[in-house]
Structures are given as structure tokens and as C-alpha cells.
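Asks: Just so you know, full-length UniProt numbering puts 243 at position 243 of the sequence shown, and the rest follows in order with no gaps.
Think of the CB as a built atom: it goes at the ideal place given N, C-alpha and C, for glycine as much as any other residue.
Pasting a structure here, questions to come.
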Amino acid sequence: MTGDDADGPRSELLTASLRSVRPAALTISSPVLILGGPSPAASELSQRLRGIDVKVLLASSAETARQALQVDAPELFVVDARASRRVSDMEAVLEDLRSSIDPSAVLHWFDADVELARLLETVHPQDDHITGSVSVEEALRRLHFITARLPARTEGERLLVGDLELDTAARTVRRGGRDIDLSDTEFRLLRLLMRHARTVLPKSEILQQVWEYEFAGQANIVELYISYVRKKIEADMPRMIHTVRGAGYVLRPAERGSSSPTSAASAGSA
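In C-alpha cells:
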């Protein structure tokens with residue numbers, strides 16, 4: 001038997017074994033705050049993260065980054081420290097991030113010519129970094145491994161607005177004791193509205209948070225899915241999602257004694 005003949009069965013066995021191994025799932029803590037000026041890499045990374053149901057917070061200034069900290073308490077940060085993308089007061093903001101959230105970790109993006117001294121000063125043991133051009137695939141892999149260094153999240157997010165309840169870990173929605181079945185997009189839309197209950201969200205923000213750039217400029221997709229979600233959570237029950245003309249949409253607890261949208265004379269379309 002020649003060497004080629006001997007290798008044949010072993011090669012086939014190895015190929016079969018590899019095919020039987022299921023690829024590990026990409027796991028990234030949610031939410032992720034991306035701090036830096038607008039860039040193609042940040043836009044693509046945001047879209048990819050949202051595609052695996054990770055909430056993304058985009059901050060192009062110190063003020064918006066600090067606001068995101070107060071509302072969502074992210075544990076993972078992507079800090080674009082490249083000269084053309086870095087925001088003013090970045091070092092101070094980064095210190096705020098680290099002091100506000102414990103534990104936390106940062107994926108730094110540096111220019112190719114970054115000095116070693118700066119790397120050693122900025123990148124902490126739990127962090128990671130990329131120098132030069134940013135590969136989104138590489139950023140996703142590094143975020144996956146950074147997540148593994150942080151303590152595992154033992155509980156999901158449970159949102160409660162009036163008699164409407166959403167559980168991200170179990171991926172369930174209930175209202176008044178009734179289970180509600182939502183598609184993935186409907187679930188993300190309702191979660192966004194519930195996270196910002198009583199706050200009017202413009203169509204542009206909803207489009208960015210739920211669909212990112214996939215439907216850029218197509219605000220009518222927001223109206224369509226608002227109507228879908230309304231029909232499911234407001235079926236024979238008082239209205240919760242309200243249209244604010246010229247401003248956007250807001251979710252509020254239903255008022256006691258209010259009629260259902262189908263019977264209310266004032267009920268309008270999205």
C-alpha cells in the first residue's frame with residue numbers, strides 16, 4: 001500500500017469527524033458601547049452585532065458615552081483611538097467607563113504606528129487591541145474572547161411596563177397573563193420601545209437601533225412593523241403604543257378604563 005493509499009482512509013475519517021463537529025456559537029456580552037467618530041468599520045461592526053441580537057450603543061462624543069453608561073451599563077466597549085476617529089477627552093471618558101462599570105473590558109483600535117509605551121499604558125490585562133486597518137471579523141472574534149474573561153451573566157433582562165412583560169433570556173412576551181408570539185424583528189422593536197418607555201423615539205432612531213443600515217432611508221418599514229406589534233400586544237386590550245405626530249412613537253402603560261384600539265373611535269393608524 002502506498003503512502004497516498006494509506007492516507008486516503010485517514011483523510012476521509014478526519015473529514016467526516018470535522019463535519020460532525022458543530023461550530024461554536026459567537027457569544028458577546030450585551031450591550032456593547034462603540035466610542036469614536038463615524039467610520040465604515042464601526043458601522044459594519046454595529047450591524048453584525050445587532051445581527052446576533054447584541055444591543056449596540058454608538059457614542060461619537062464624551063457626552064453621549066456618559067449618557068449610555070447611565071442608561072444601559074454596558075460591560076464591553078470598543079474604543080476607536082485612531083487619530084482620525086478619536087473623540088475629544090477620550091482618556092477621561094475611558095476612565096469614566098472603567099470606574100462606572102466593574103467588571104468591564106475594552107477592545108481598542110489604534111493606528112499602525114502607535115507607540116509601545118502608549119499601548120502598555122492604555123491596554124489593561126482584560127482588554128484587547130487591534131492596530132492598523134480594522135477587520136470586523138477580527139473585532140468580532142476578539143470581542144467573543146474578551147467576553148469569556150468577564151463573569152458570566154446569570155440573568156437576562158426583564159422589562160415590565162404596565163401589564164406588558166418581556167424577558168430577553170427566555171425570549172417571551174406576555175400581557176395580562178396572555179402569551180404573545182413575536183418574530184425576531186418584532187421582538188427587537190418592542191424591546192427598544194420598552195427600554196425607553198414613556199420616551200418618544202423618532203422613526204430615524206428606531207430604524208437605526210432595530211435595522212441599522214439595512215433599510216436606510218426607508219422609514220415606512222418602521223410604520224409597518226409598529227402596526228404589526230400593535231396588533232399583537234393590543235388585541236382586544238387598551239392601547240400602549242402611541243403615535244406622536246411629527247415626532248415618532250412612544251410606549252406607555254395603558255390607562256385604566258381606556259378602551260381597546262379596535263373599539264376606540266380615536267384609534268389611528270401608524
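Looking at the secondary structure, which residues open and close the alpha helix (DSSP H) in which Ala50 lies?
Replies: In the sequence shown, counting from the first residue as 1, residue 50 sits at position 50. Reading off the sequence, residue 50 comes out as Arg, not Ala. Run containing Arg50: Pro40 to Gly51, per the alpha helix (DSSP H) assignment.
Asks: Using the Cβ count rule (16 or more neighbours within 10 Å means buried), how would you classify Arg198?
Replies: Locating residue 198 in the sequence shown gives position 198, counting from the first residue. With fewer than 16 Cβ atoms within 10 Å of its Cβ, Arg198 is classed as exposed.
Asks: Would you call the region 221–233 and the region 178–192 touching, i.e. three or more CB-CB distances under 8 Å?
Replies: The region 221–233 is in contact with the region 178–192.
Asks: If you check the beta carbons only, do residue 273 and Val78 fall under 8 Å apart?
Replies: Coverage of the chain is limited to positions 1 through 270, which leaves residue 273 absent and any answer about it impossible.
Asks: Between Asp163 and Arg175, how many whole angstroms is the CB-CB distance? I'm expecting something under 8 Å.
Replies: On the sequence shown, residue 163 is found 163 positions in, with the first residue counted as 1. On the sequence shown, residue 175 is found 175 positions in, with the first residue counted as 1. Between Arg175 and Asp163 the Cβ distance is about 6 Å, and since that is below 8 Å, they are a contact.
Asks: Only counting runs of 4 or more residues, tell me where the alpha helix (DSSP H) segments fall wholly within the region 41–127, in order along the chain.
Replies: 62–72, 90–100 and 116–122
Asks: So, under 8 Å CB-CB, Ala68 and Leu33 are touching, yes? Tell me the CB distance rounded to an integer number of Å.
Replies: Mapped onto the sequence shown, residue 68 falls at position 68. Mapped onto the sequence shown, residue 33 falls at position 33. Yes, Ala68 and Leu33 are in contact; Cβ-Cβ is about 5 Å, under 8 Å.
Asks: Who pairs with residue 318 in a beta bridge, going by DSSP?
Replies: The first residue shown for the chain is 1 and the last is 270, placing residue 318 beyond what the model contains.
Asks: Could you tell me the distance, in whole angstroms, from the CA atom of Gly37 to the CA atom of Tyr228?
Replies: The residue given as residue 37 occupies position 37 in the sequence shown. The residue given as residue 228 occupies position 228 in the sequence shown. Going from the Cα of Gly37 to the Cα of Tyr228 covers about 35 Å.
Asks: Which one of Val123, Glu137 and Val200 has the shortest CA to CA distance from Val244?
Replies: Within the sequence shown, the letter at position 244 stands for residue 244. Of Val123, Glu137 and Val200, the residue nearest in Cα terms is Val200.
Asks: Does the Cβ of Leu116 have 16 or more other Cβ atoms within 10 Å, making it buried, or fewer, making it exposed?
Replies: One-based indexing of the sequence shown puts residue 116 at position 116. Looking at its Cβ environment, which holds fewer than 16 other Cβ atoms inside 10 Å, Leu116 is exposed.
Asks: For the alpha helix (DSSP H) holding His242, just list the boundary residues, first then last.
Replies: Locating residue 242 in the sequence shown gives position 242, where the first residue counts as 1. Taken as a continuous stretch (DSSP letters only), His242 belongs to no alpha helix (DSSP H), being part of the beta strand (DSSP E) at Ile241 to Val244.
Asks: Quick check: what's the CA-CA separation for Tyr249 versus Leu190?
Replies: Start at 1 with the first residue of the sequence shown, and residue 249 comes out as number 249. Start at 1 with the first residue of the sequence shown, and residue 190 comes out as number 190. Cα to Cα, the separation comes out at about 11 Å.
Asks: How many Å lie between Leu26 and Arg142 at the Cα?
Replies: On the sequence shown, position 26 is the one that residue 26 refers to. On the sequence shown, position 142 is the one that residue 142 refers to. Leu26 and Arg142: Cα-Cα distance of roughly 10 Å.
Asks: Is the beta carbon of Ala105 sitting closer than 8 Å to the one on Leu150?
Replies: Walking along the sequence shown from the start, residue 105 turns up at place 105. Walking along the sequence shown from the start, residue 150 turns up at place 150. Against a cut-off of 8 Å, the Cβ pair of Leu150 and Ala105 comes out as a contact.
Asks: Taking 8 Å as the threshold (C-beta atoms), are Leu159 and His129 in contact?
Replies: Taking the first residue of the sequence shown as position 1, residue 129 is located at position 129. Taking the first residue of the sequence shown as position 1, residue 159 is located at position 159. No, they are not a contact pair.
Asks: Measure the C-alpha to C-alpha separation of Ala247 and Leu97 and round it to an integer number of angstroms.
Replies: The residue you call residue 247 lines up with position 247 of the sequence shown. The residue you call residue 97 lines up with position 97 of the sequence shown. If I take the Cα positions, the gap works out to 31 Å.
Asks: For Arg178, write down the residues that DSSP places opposite it in a beta bridge.
Replies: Position 178 of the sequence shown holds residue 178. DSSP output for Arg178 lists Arg175 as bridge partner(s).
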